[in-house]
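Student: Pasting a structure below so you can have a look.
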Amino acid sequence: MAHWLFKSEPDVFSFADLESKGPAGQEWDGVRNYQARNHMRTMQVGDRGFFYHSNEGKEIVGIVEVVRTAHPDSTDDSGTWECVDIRAVRPVVKPVTLVAAKAEPRLKTMALVSNSRLSVQPVSDAEWAIVCEMAGTEP
DNA sequence: GCCAACGTTGGC
DNA sequence: GCCAACGTTGGC
């Protein structure tokens with residue numbers, strides 16, 4: 313199973329907002345970046361990911377799960393953009409800050425650290441395990 | 001609020 | 001197809 317990281321500004325849409333959507337989850341719409349779209353196209357139902365708060369907090373705050381594979385973005389008329397649906401699984405015990413991720417040598421190549429502008433990122437199995445450990449949560 | 005990094009657009 | 005100009009993101 314592949315792992316991912318979804319970035320959102322908590323002012324706009326926070327992990328608590330996703331939790332409020334329940335098991336049906338939420339369409340991850342509004343992504344207008346080809347790399348991010350291509351990552352979403354490869355996602356499978358059941359794939360898990362981290363939920364990261366950008367700008368405010370700058371930390372990984374929760375675990376999410378893909379509940380629907382890529383489909384046309386309902387907020388896009390051009391037919392160019394697609395998105396998956398995700399649901400909240402659980403918040404992490406201890407949020408992992410960007411500062412903490414940068415300070416961990418084994419996460420040096422993590423996209424969150426090396427390519428901060430990508431809004432939907434792949435997370436390697438090794439990175440997944442390390443961050444879960446730092447977050448005090450089960451993988 | 002500033003600005004660096006990055007992606008996209010469009011003129012040639 | 002190159003690359004300068006522009007817009008956006010997100011850390012600081």
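Take any residue in the first sequence, count from 1 to its spot, add 312: that is its number in the numbering used here. Cβ coordinates follow ideal geometry from the N, Cα and C atoms, glycine included.
#1: Roughly how many angstroms separate the alpha carbons of residue 339 and residue 392, rounded to a whole number?
#2: What is the DSSP secondary structure of residue 440, reduced to helix, strand or coil?
#3: Suppose contacts are defined by Cβ-Cβ distances below 8 Å. Is residue 399 in contact with residue 333 by that definition?
#4: Sort out for me which residues DSSP pairs residue 377 with in a bridge.
#5: Should residue 407 and residue 438 be called a contact, given that it needs their Cβ atoms to be closer than 8 Å?
#6: Going along the chain, which unbroken runs of the alpha helix (DSSP H) with 4 or more residues stay wholly within the segment 401-434?
#7: Please tell me whether, using a cut-off of 7 Å, the distance from the CB of residue 426 to the nearest non-hydrogen atom of the ligand MN is below it.
#8: How about residue 394 and residue 349: do their beta carbons lie closer than 8 Å?
Tutor: Judging by the given coordinates:
#1: 16 Å
#2: helix
#3: yes
#4: 360 and 399
#5: no
#6: 410-415 and 423-426
#7: In the structure on display, the ligand MN does not appear, and there are no ligands present to speak of.
#8: yes
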